[in-house]
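Student: Counting along the sequence shown from 1, when you hit position 49 you're at 68 in the working numbering, and nothing is skipped either side.
Pasting a structure here, questions to come.
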Amino acid sequence: DIPLVSKWPRGKATQSDDITADLFRSTREGRLPAAVIVNSSGGVTAHTELFYARLLASHGMAALVVDSFTPRGIR
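The following block contains the structure:
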């Protein structure tokens, strides 16, 4: 779990939420191409976001799966 802060404008102020992300890496060393995977309206699921993160990692990429639901208590 990598802690992140999500911020967005709200009127003249800024609102924020603490969220998390999981990093999936290839076994290759050094710099890698990377993708950020953001959950859909259904949240992070094993058969979509996590599946694609593992698939990308198995093909030599890094994938960061952002979960904005679980840390905020949304199911």
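Quick reminder that beta carbons are idealized off the backbone N, C-alpha and C, glycines included.
Quick one: residues in its chain with C-beta nearer than 6 angstroms to the C-beta of G79, no 5 flanking neighbours on either side, listed in chain order?
Tutor: Taking the sequence shown and counting its residues from 1, one reaches residue 79 at position 60. The residues are S45 and R47.
Student: Let's see if you can read the secondary structure: which residues bound the beta strand (DSSP E) around A54?
Tutor: For the purposes of this step, residue 54 is taken as the residue at position 35 of the sequence shown. Element bounds for A54: A53 to V57.
Student: Please work out which residues of its chain come closer than 8 angstroms, Cβ to Cβ, to R94, disregarding the five sequence neighbours upstream and downstream, and give them in chain order.
Tutor: To locate residue 94, count along the sequence shown from 1; it is residue 75. Once the five neighbours on either side are set aside, the close Cβ partners of R94 are G62 and F88.
Student: Just to confirm, is the Cβ distance from A40 to I56 under 7 angstroms?
Tutor: Locating residue 40 in the sequence shown gives position 21, where the first residue counts as 1. Locating residue 56 in the sequence shown gives position 37, where the first residue counts as 1. Not a contact, by the Cβ cut-off of 7 angstroms.
Student: Apply the 10 Å Cβ neighbour rule to L75 and answer buried if 16 or more other Cβ atoms are within range, or exposed otherwise.
Tutor: Here residue 75 is taken as the residue at index 56 of the sequence shown, counted from 1. By the neighbour-count rule (16 or more Cβ atoms within 10 Å), L75 is buried.
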